[in-house]
Every structure is written in C-alpha cells, then in structure tokens.
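Numbering (the working numbering), first residue to last: 1160 to 1315. Right, one structure below, let's go through it.
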C-alpha cells in the first residue's frame, strides 16, 4: 500500500498499475460528484465503492449553492444493469445514521486487528493538541492534509 497524491497523480491509473491492471477491491469516496465515477473505474470486477461524503460541494471556507449544485449535477447515476455486467457495487454510507452497533463494532475491531498485525499502516500527516481542534478542522477543510489528522489528548 502506498500514498497517492490526488493533486499530482491519477489515482485510477495508479490503482490499476499497482494491481497488475485488475483494480482495487474497495474504494472509499468522500468527495462525491464526478469523482465518484473515477473511484468506480478504479475497482476490479467484484469491487465495491463506498460513498460517504460530498466534499466536492464545498470549495474554500464559504458555502456556495453553485458549487453544491455542481456536485449534485455531476454525480453519476449508476445503472444496475451496467453494474451487473462489471460485477461492481456502490454503497452509500452515513455513519451518523448507522443503527447496527454490532456490525459497526465488528468492522472497527477488524481494522484494529489489521493495524496491530501490520497489515495496514495509516499515514499520519499531522498531530494537533486537542486544544487546537479548530485549527485541525480548518487544516482538513483547506485540504492541506495528505494523510490522517490526529488530536493528541495526552497530558502535557
């Protein structure tokens, strides 16, 4: 696994190249809009795309109805029959409305196990003290991060 800089690399090409042309098993798309189709194209046969955000609806630090409308209008309409032909799936995920705690807990525990076993190693971009939560949020909002942004709650 490696970091893909969305500003300087075509992630679809990288995903295909890194998997000998097959594509990835899972794609997580927090961007939405036309970006979703790129995530879908990065999938292999049998792959799954999880749409869980719409950051394309926000540009800069102010809300814009035009930008939000552009995201909505460029969001692909997935045809089930075309999806059957490629054996791919698209899921919409909203963690704020997830009611099945047992499923969520098992998924989080699987991630913890993979982290402990070294099968995944998240890239940490920056650590902020918890008192700097507003700056951390702004850092993410400004799309400066190239990995995870963490809050440090340890005593000083």
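Every residue, glycine too, gets a C-beta built ideally from N, C-alpha and C. Nothing here was measured: the structure is a model prediction, and the numbers come from that model.
- 1247 is the residue among 1247, 1287 and 1309 whose C-alpha sits nearest the C-alpha of residue 1186.
- Check the Cα spacing between residue 1250 and each of 1199, 1281, 1221 and 1260: the tightest is with 1199.
- DSSP links residue 1188 through a beta bridge to 1210.
- If you draw a straight line from the Cα of residue 1206 to the Cα of residue 1242, it comes to about 10 Å.
- Annotated three-state conformation of residue 1164 is coil, per DSSP.
- For residue 1264, no beta strand (DSSP E) run applies; the uninterrupted alpha helix (DSSP H) run containing it begins and ends at 1260-1276, by DSSP.
- The continuous stretches of beta strand (DSSP E) do not include residue 1302, and DSSP gives it neither H nor E.
- Just so you know, the alpha carbons of residue 1288 and residue 1301 end up roughly 18 Å apart.
- Distance from the CA of residue 1290 to the CA of residue 1297, rounded to the nearest whole angstrom, comes to 13 Å.
- For residue 1307, the enclosing beta strand (DSSP E) covers residues 1307-1311.
- Residue 1221 counts as exposed, since fewer than 16 other beta carbons sit within 10 angstroms of its beta carbon.
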